[in-house]
Structures are given as structure tokens and as C-alpha cells.
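Here the structure is laid out as C-alpha cells; the discussion comes afterwards.
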Amino acid sequence: MHPAARSPRRSPSRRCIRLCPARPQLSPRRVTPPRCRTSPGPAPVSSSPAPQHHDRSAMPHIPPYPMLIEIIGAPGAGKELAADLLDVLHERGISARQPRATAPLAESRGLPLGPEQDLDTTRWLIGAGLAAQVTAERERTLHGPARVVVSRSTGWGALAHWLAAEDLRTGRTPPHSRYADLARLVVAACQRDLVLLLPHDEPRGEDAAAERRHQFALRVDWYLHRLIDEEGITAVHLPLPMEAARASAVERVLDLCREPAL
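If you're matching positions, the sequence shown starts at 1 in our numbering and goes up one per residue.
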């Protein structure tokens with residue numbers, strides 16, 4: 001047979017087109033762009049009923065961080081004043097709390113706060129006080145999130161106790177280089193909106209042991225004033241007697257609570 005007489009050979013592509021059934025035309029796939037972490041994006045579709053929207057203008061304003069008030073004074077001072085300030089704030093509907101005391105925990109660990117105090121004990125007391133302060137700032141009260149935290153000598157009290165103990169043991173004031181790092185830690189961590197410095201108003205002791213405690217409290221009070229002056233801490237010096245100190249402290253705290261930030 002002549003080559004020209006043969007039937008023309010179809011190409012594979014033409015044969016595939018003729019034999020295979022025609023595929024249906026599919027709609028293009030919808031690609032959802034990735035959701036940005038910073039933008040809220042579209043709300044997910046839910047079969048549950050839509051939540052009710054409350055009027056946010058009627059809700060009380062809660063600041064992201066509470067107002068911090070610290071009472072600084074000699075050993076035993078400020079306990080009653082802190083309780084009075086908490087009562088005054090609660091009566092006005094302001095949620096307030098006080099950090100947990102670290103002295104019982106320190107005594108259970110053999111870390112006394114007093115004439116036997118050393119530098120390692122002071123460092124532990126400062127750290128425990130700061131931890132209690134942070135916990136008080138984040139915990140809730142019966143009135144909601146804490147809007148005011150009233151603390152008593154979180155760091156300065158521990159540092160003044162050590163200075164008084166060193167003075168009692170050696171007869172001289174320790175150089176600033178020995179406690180400069182602890183002072184910087186207290187300054188950086190204990191940023192307060194209001195610092196109340198209580199005067200020393202403790203009577204003299206009736207026996208020898210009570211008189212020694214009285215003399216040590218006088219040393220602590222003296223070193224507290226020295227630390228406040230050395231580190232440039234802005235503090236309100238409350239007057240004597242204690243009734244006048246309480247009235248002045250309550251007035252200062254209420255004025256602070258009237259600020260727009262609170």
C-alpha cells in the first residue's frame with residue numbers, strides 16, 4: 001500500500017480530547033486571607049443567640065493598676081493607721097487591700113527582723129515584701145479588683161532595721177556601698193503614689209528589755225528618715241500626736257482617690 005493511502009494518524013492529544021468526557025467547569029476556590037493577630041477580624045458564625053450589650057458608660061472605671069500607698073515608720077508603727085485607711089476606703093465603696101505580712105513567714109524560716117538581722121536576711125525580707133506587694137495588686141477583694149493597696153514599710157523598713165542592727169553591733173553606720181544595691185532595688189520596685197512617714201511616738205520601756213526595744217526602735221526611726229533623705233523619696237511627714245497623724249493621712253488619701261486616674 002502506498003504511504004499516502006494510509007489513514008492519517010491522530011495525535012495523542014486529539015485522541016484524549018475525543019475519548020475522555022468533558023470535565024465540568026469548577027468555580028474558582030475561595031482563599032481566605034490569614035487573620036491578623038492584632039485585628040479582631042470577622043466574628044465567627046454561631047448558632048447561639050447574640051449576647052446582650054450592656055451600657056459601658058454605667059460601669060465603674062477600673063484602672064489597670066491600683067493606687068499604691070505606703071506607710072513608713074518605726075517597728076510596730078502604722079498597723080492601726082493602715083487598718084483605719086482600709087476602713088475609710090471601704091466605707092466610700094473603694095476596693096482596697098493590704099499585702100500579707102512577711103514577718104511571721106520570716107520568723108518561721110529563722111530570719112528575724114530586729115537586732116539579729118544580717119544582710120542576707122534583709123535581702124530575703126525585701127524580696128518577700130515585694131512579692132506580697134505584687135500579689136496584693138493582682139488579687140481581688142469583696143468589692144472587686146483592688147483599686148488601692150496600702151502597705152507598711154515593704155522595703156525601707158527592712159533596710160532600716162539592718163542599718164540599726166549593724167549600728168548596734170559595730171557602733172558605727174555602715175557605708176553606703178554595702179547597701180547601695182538593695183537601696184536601688186527598693187527605689188526601682190517601690191514606686192508609690194503616696195508615702196506616709198509616721199513619727200516615732202512609742203513610750204519608754206518599763207523594764208530593761210522594753211527599754212532595749214525602745215532604743216532599737218529609735219535607731220530604726222532615725223535610719224528611716226536618713227534613707228528617705230538619701231534616696232530622695234518624696235514623703236509626707238505626718239504630725240504628732242497620732243490622732244493628728246491619722247486625720248492628716250485620711251485627708252491625703254481621700255484627696256488622692258479623687259484624682260481622675262482612680
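Idealized CB from N, CA, C, for every residue including glycine.
- Fully contained in the stretch 95-183 are the following beta strand (DSSP E) runs of length 3 or more, in chain order: 148-152.
- By the 16-neighbour rule on beta-carbons within 10 angstroms, E116 is exposed.
- Non-local C-beta neighbours of R204 in its own chain, meaning closer than 7 Å and more than five positions away in sequence, comprise E211, H214, ordered along the chain.
- Only buried fits P99, as 16 or more other CB atoms lie within 10 angstroms of its CB.
- Taking C-beta separations shorter than 7 Å and ignoring five residues to either side along the sequence, the partners of I233 in its chain run V195, following chain order.
- Boundaries around I72 are those of the beta strand (DSSP E), 67-72, since no alpha helix (DSSP H) includes it.
- Non-local beta-carbon contacts of P66 in its own chain, meaning distances under 7 Å to residues more than five positions away in sequence, involve E137, A146, R147, V148, V149 in chain order.
- Below 8 Å, too few C-beta pairs join the stretch 244-258 and the stretch 183-192 to call them touching: fewer than three.
- Our two residues, A101 and G171, have alpha carbons roughly 30 Å apart in a direct line.
- Taking C-beta atoms as the reference points, T154 and L130 count as a pair closer than 8 Å.
- Leaving aside the five residues that flank E139 on each side, the residues in its chain whose CB is nearer than 7 Å to its CB run, in chain order, R97, A146.
- The C-beta separation of I72 from L240 comes to about 16 Å, leaving the pair out of contact by the 8 Å criterion.
- For L254, the enclosing alpha helix (DSSP H) covers residues 242-257.
- Cα atoms of L182 and I126: separation of roughly 8 Å, rounded to the nearest angstrom.
- With distances taken between CA atoms, T135 lies nearest to L68 out of A235, L68, G93, R169.
- Annotated three-state conformation of L196 is strand, per DSSP.
- With respect to the C-alpha of L81, the residue from M242, L159, L254 having the closest C-alpha is M242.
- Per DSSP, the beta bridge partners of H237 are L197.
- Counting other Cβ atoms within 10 Å of its Cβ, E251 stays below 16 and is therefore classed as exposed.
- A74 and G144 have their C-alpha atoms spaced approximately 32 Å apart.
- If you check the CB distance, W156 and L256 do not come in under 8 Å.
- If you check the CB distance, D229 and H200 do not come in under 8 Å.
- Within the same chain, and ignoring the five residues on either side of D193 in sequence, the residues whose Cβ sits closer than 8 Å to its Cβ are M67, L68, I69, L256.
- Within the same chain, T121, W124 come within 6 Å of L111 by CB-CB distance, once the 5 residues on both sides are set aside.
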